[in-house]
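For what it's worth, this note's numbering labels the leading residue of the sequence shown as 11, then goes sequentially. Yeah, the Cβ is synthetic: ideal placement off N, Cα and C, and Gly gets one too. All values reported here derive from a predicted model rather than from experimental measurement. Report on one structure; see the data block that follows.
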Amino acid sequence: MKLDKFPVIDNTYFGGNQAWMKQKKHAAGGCGVIAAANLVEYYRGNNQVSRDAYMVAVESLYHWLSPIHLYNPFARENTYGLPFFKQYVLRLARYLKIIGVERTPEFLNYHGYQAAEDFIRRSIQQTDPVIMLIIGHRRLRRYNNHYMTITGYDEVGFTVYFSTWGVEESLPLREIYHGATIFRLARLKQS
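In structure tokens:
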């Protein structure tokens, strides 16, 4: 099951790409901002968006969410991005309210693989994208310390579909969940 009408940028990209940000530091720590912009465009009902219009939302969200840029010995750029997941989601909900979109944050509050699978299934069935944050994954370096937007799932092996770097990718949830030091999920449900 996949969400209908997820934002397609310039008729090409599945959601946004943090590499589009002008400053290297912003691009390096911008995955959370891009995931937020994906949700903003989705809840506005904008499934076809120009890159220029999308980047206006990204710039606004960047200042609203305020990624942290401090010395980071573990990254090429001195940034930590948006490490405080709950604060990030609550600020995104406030931003949506300001632009006239009423949504209530819901977090995955239970630990365990099955709870994560159930949360994703319920969210997608209720047409809500899911924000996923993975920190400290030992095998999936490409997705380590990274926000993504889950847009669907397949019951076979419970594969999740997600937007990252402007493309749709997929992996079995088990592979993502197991191996992550920190695994967080949230959605913004109907108020």
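Asked                                                                                                     : Found
Closest by C-alpha distance to residue 102, when choosing among 125, 53, 169, 172                         : 53
Reduced DSSP category for residue 51 - H, G, I as helix; E, B as strand; rest coil                        : helix
Reduced DSSP category for residue 199 - H, G, I as helix; E, B as strand; rest coil                       : strand
Residue 108 versus 61, 186, 95, 74, residue with shortest Cα-Cα distance                                  : 74
Whether residue 153 touches residue 163 by CB criterion (8 Å)                                             : no
Distance CB(residue 189)-CB(residue 150) smaller than 8 Å                                                 : yes
For residue 177, three-class secondary structure by DSSP                                                  : strand
Anticipated Cβ contact below 8 Å, residue 158 with residue 173, distance rounded                          : 7 Å
Residue 73 - DSSP class collapsed to helix/strand/coil                                                    : helix
Boundaries (first-last residue) of the beta strand (DSSP E) holding residue 120                           : Note, residue 120: premise wrong, no beta strand (DSSP E); not H, not E.
Three-state secondary structure (DSSP) of residue 142                                                     : strand
For residue 163, the first and last residue of its enclosing beta strand (DSSP E)                         : 156 to 164
C-alpha distance - residue 106 paired with residue 47, whole-angstrom precision                           : 10 Å
Cβ-based neighbour list, residue 56, same chain, cut-off 7 Å, excluding 5 preceding and 5 following       : 17
Coil, strand or helix - residue 124 by DSSP                                                               : helix
Beta-carbon proximity of residue 96 to residue 129, cut-off 8 Å                                           : no
Counted within 10 angstroms of its Cβ, other Cβ atoms place residue 196 as buried (16 or more) or exposed : buried
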